[in-house]
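Asker: Note that our numbering has the sequence shown beginning at 216, numbered continuously upward. Below are the structure tokens for one structure; questions will follow.
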Amino acid sequence: MTQPLDWSTKGVVNRRNTYYAATQRKFQPFEKPLILKRGRGQYLWDEEDNRLTDLLGMNLCISVGHAHPAVNAAAREQADQLPHCTTMFYHPVPAHFAEELAATMPAGEDWVVHFTNSGSEAIDLAMMMARSYTGNADLIALQGSYHGPTYGAQSVTGIDNFRHDVVLPGNVQFAPAPNAYRGAFGGDTAAYLDALDQTIKSGTTGKLAGMLIEPVQGYGGIIPMPDGYMQGAFERVRARGGLAIVDEVQSGFGRIGGNTLWAFDAHGVVPDIAVMAKGIGNGYPLGAVVTKRAIAEAMADKFLFHTYGANPMSCAAGRAVLQVIKDEGLTENCRTVGAALLVGLQDLQQRHSVIGDVRGCGLMMAIELVEDRTSKKPATDATVAVFEETRRQGLVVSKSGPDRNILRMVPPMCLSMEDVQPIISSMDAALAVLNK
Ligand code: PMP
């Protein structure tokens with residue numbers, strides 16, 4: 216018989232430590248494990264009923280808020296009818312959702328959708344599509360990029376901690392990421408484009424399958440692509456036969472507070488392939504590749520079957536997410552609340568010398584901690600101390616970046632103006648731990 220659920224701290228921790236494989240145990244950010252019992256909107260409650268303001272959104276999976284009633288109702292209704300329908304058979308929910316997603320993309324192209332179960336599966340598919348369609352093998356990614364844990368997605372991930380010690384698929388070169396604060400060429404976008412030319416010249420055959428770009432690097436530490444970079448990079452890639460692939464897994468669905476759902480729109484580029492996941496389902500597992508019809512057609516001869524791709528329950532949730540973003544004006548909310556939060560963080564920077572940089576757009580932001588502002592040496596140990604204290608102060612944030620010295624804040628998009636001051640006060644108190 217199934218055992219009753221054991222919510223005791225000891226029980227939860229011991230079971231996970233005993234029965235999870237090392238590969239799944241490793242990700243344990245806080246010294247004391249955080250056990251979560253429920254969530255609502257932008258808030259979480261732990262097993263002792265302490266309320267936390269969620270500035271991580273389960274790694275951006277929670278776009279419109281924890282346990283959103285409209286999203287849950289849509290998923291529940293579908294679950295009561297038919298929780299799964301294989302893509303061999305037909306169902307209107309995923310078909311409607313595909314139509315609705317295609318409509319979010321720039322007009323003038325014939326967009327089609329392939330649903331997957333996760334972001335990394337969608338990345339793998341995008342890589343394969345680019346290689347199949349162009350007939351070229353070489354892909355370019357950016358240093359500091361994160362595209363997922365699968366074999367293919369790891370091979371285009373430019374952070375050593377996420378690349379395992381195995382022979383990963385090849386034909387990938389990494390170009391320097393434009394990073395105004397700590398990049399090799401500071402804010403000189405033209406120099407990064409020159410470096411991309413050099414990467415292509417020295418590391419590829421000169422014929423490309425494509426280039427993957429996160430419009431705002433996520434795990435890389437909230438690094439927004441500067442104006443002109445994506446345009447210049449994709450021009451160069453297309454001139455060598457390659458496709459423009461944008462990874463909107465973190466930056467998508469209106470989070471950056473632009474005029475549309477997609478961060479690439481603000482850069483004046485139209486991608487050939489857009490990859491999306493996480494916030495698309497507000498916690499229901501789902502990913503998607505949206506691409507031009509001709510590109511997907513290049514792979515039409517063989518089966519490519521993701522068992523739970525186009526799952527009607529997740530797609531029902533996805534349809535509700537699109538509706539909620541619109542009904543609740545969440546893109547605008549990201550813009551206004553994000554701007555207020557940014558001002559508060561900039562104010563903290565005036566008072567805490569450990570903050571080297573504050574950056575962000577919409578509700579995708581970060582503070583970068585340094586030992587001193589001249590050398591910009593990453594303050595990795597101080598970041599651990601501040602991070603631990605943020606939790607005691609009632610916040611959930613994330614430690615990110617190649618040097619783990621960046622506190623990343625990517626809350627559910629329903630974070631409100633009323634949350635801003637308490638967040639800044641908590642962050643202030645957390646930073647004060649360094650003065651003790
Ligand atoms: N791309 C980006 C930018 C991501 O942040 C992630 C997940 N953190 C992925 C791809 C992979 O998505 P998933 O974990 O759903 O496979």
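Note that CB positions come from ideal geometry on N, CA and C, so glycine has one too.
Measure the alpha-carbon distance for residue 591 versus residue 272 and round it to whole angstroms.
Answerer: Whole-angstrom Cα-Cα distance: 29 Å.
Asker: Taking the C-alpha atoms as reference points, what is the distance between residue 436 and residue 648?
Answerer: Near 22 Å, if we compare the C-alpha coordinates of residue 648 and residue 436.
Asker: Tell me the start and end of each unbroken alpha helix (DSSP H) in the stretch 479-561 that is at least 4 residues and wholly inside, in chain order.
Answerer: If we require 4 residues or more, the alpha helix (DSSP H) runs fully inside the stretch 479-561 come out as 508-512, 527-542.
Asker: Identify every residue that forms a DSSP beta bridge with residue 390.
Answerer: Residue 390 pairs with 357.
Asker: Could you check if residue 333 belongs to the surroundings of the ligand SAH, using beta carbon to heavy atom distance under 7 Å?
Answerer: In the structure on display, the ligand SAH does not appear, and the ligands it does have are the ligand PMP.
Asker: Which stretch, first to last residue, makes up the alpha helix (DSSP H) that contains residue 275?
Answerer: Taken as a continuous stretch (DSSP letters only), the alpha helix (DSSP H) holding residue 275 covers 272-275.
Asker: Rounded to whole angstroms, what is the Cα-Cα separation between residue 422 and residue 560?
Answerer: Computed Cα separation, rounded: 44 Å.
Asker: Measure the beta-carbon distance from residue 583 to residue 621 and round it to whole angstroms, keeping in mind my assumption that it falls under 8 Å.
Answerer: Right, their Cβ atoms sit about 5 Å apart.
Asker: According to the neighbour-count rule (16 or more other Cβ atoms, all chains shown, within 10 Å of its Cβ), is residue 307 buried or exposed?
Answerer: It counts as exposed.
Asker: Can you have a look at residue 381 and say buried or exposed, based on whether 16 or more other CB atoms are within 10 angstroms of its CB?
Answerer: Flag for residue 381 reads exposed.
Asker: Please state the DSSP three-state secondary structure of residue 594.
Answerer: Coil.
Asker: Thinking C-beta only, is residue 502 closer than 8 Å to residue 301?
Answerer: No.
Asker: Hey, is residue 348 close to the ligand PMP, as in C-beta under 7 Å from one of its heavy atoms?
Answerer: Every heavy atom of the ligand PMP is 7 Å or more from the Cβ of residue 348, so no.
Asker: Looking at residue 339 and the ligand PMP, is the gap between the Cβ and the nearest heavy atom below 7 Å?
Answerer: For the ligand PMP, not one heavy atom lies less than 7 Å from the Cβ of residue 339.
Asker: Name the one or two DSSP bridge partners that residue 311 has.
Answerer: Residue 311 is not bridged to any residue.
Asker: Three or more C-beta pairs closer than 8 Å, one from the stretch 402-416 and one from the stretch 374-393: is that the case here?
Answerer: Segments in contact, yes.
Asker: What's the gap between the Cα of residue 179 and the Cα of residue 407?
Answerer: With the chain running from 216 to 651 in the structure shown, residue 179 is simply not present.
Asker: Would you mind listing the beta strand (DSSP E) stretches within the stretch 380-463 that are 3+ residues and don't spill past its ends, in chain order?
Answerer: With a minimum length of 3 residues, the continuous beta strand (DSSP E) runs that stay inside the stretch 380-463 are 387-390, 423-428, 458-462.
Asker: Spatial neighbours of residue 383 within its chain, please: C-beta separation below 6 Å, excluding the five flanking residues on both sides.
Answerer: 369, 370, listed in sequence order.
Asker: Indicate whether residue 338 and residue 617 have their beta-carbon atoms separated by less than 8 Å.
Answerer: Result no, Cβ atoms of residue 338 and residue 617 do not sit closer than 8 Å.
Asker: Residue 551 to residue 576, Cα distance in whole Å?
Answerer: Those two C-alpha atoms are separated by around 10 Å.
Asker: I'd like the span of the alpha helix (DSSP H) that includes residue 628, first residue to last.
Answerer: Note, residue 628: premise wrong, no alpha helix (DSSP H); not H, not E.
Asker: Can you give me the Cβ contacts of residue 245 inside the same chain, cut-off strictly under 7 Å, excluding the 5 residues immediately before and after it?
Answerer: Taken in chain order, the residues that qualify are 603, 606.
Asker: Which residue's Cα is closest to the Cα of residue 275: 588, 578, 221?
Answerer: Nearest option by C-alpha distance: 578.
Asker: How big is the Cα-Cα spacing for residue 333 and residue 500?
Answerer: Their Cα atoms are separated by approximately 6 Å.
Asker: Go ahead and pull the three-state DSSP assignment for residue 323.
Answerer: Three-state result, residue 323: coil.
Asker: Within the chosen definition, does the stretch 243-259 reach the stretch 622-634 through at least 3 CB pairs nearer than 8 Å?
Answerer: Result yes; three or more Cβ-Cβ pairs closer than 8 Å.
Asker: Kindly examine the ligand PMP and report whether one of its heavy atoms sits closer than 7 Å to the Cβ of residue 362.
Answerer: Yes, the Cβ of residue 362 comes within 7 Å of a heavy atom of the ligand PMP.
Asker: So, helix, strand or coil for residue 225, using DSSP?
Answerer: Three-state DSSP puts residue 225 in a helix.
Asker: Following the continuous alpha helix (DSSP H) through residue 291, name the residue where it begins and the one where it ends.
Answerer: Per DSSP, residue 291 belongs to the alpha helix (DSSP H) from 284-296.
Asker: Whose C-beta lies closer than 6 Å to the C-beta of residue 484 among residues of the same chain, with five residues either side of it excluded?
Answerer: Cβ within range, chain order: 445, 446, 449.
Asker: Taking residue 347 as the reference, which of 512, 570, 250 has the closest Cα?
Answerer: When only C-alpha atoms are compared, the closest one is 512.
Asker: Could you check how far apart the C-beta atoms of residue 341 and residue 438 are, in whole angstroms? I think they sit under 8 Å.
Answerer: Actually they are not in contact, since the Cβ atoms of residue 341 and residue 438 sit about 20 Å apart, beyond 8 Å.
Asker: Is the Cβ-Cβ distance between residue 535 and residue 286 less than 8 Å?
Answerer: Contact: yes.
Asker: Going by CA-CA distance only, name the one from 646, 636, 641 that's closest to residue 596.
Answerer: Looking at the Cα atoms, 646 is the closest of the given residues.
Asker: May I ask you to report which of helix, strand or coil DSSP gives residue 234?
Answerer: If DSSP states are grouped into helix, strand and coil, residue 234 belongs with the helices.
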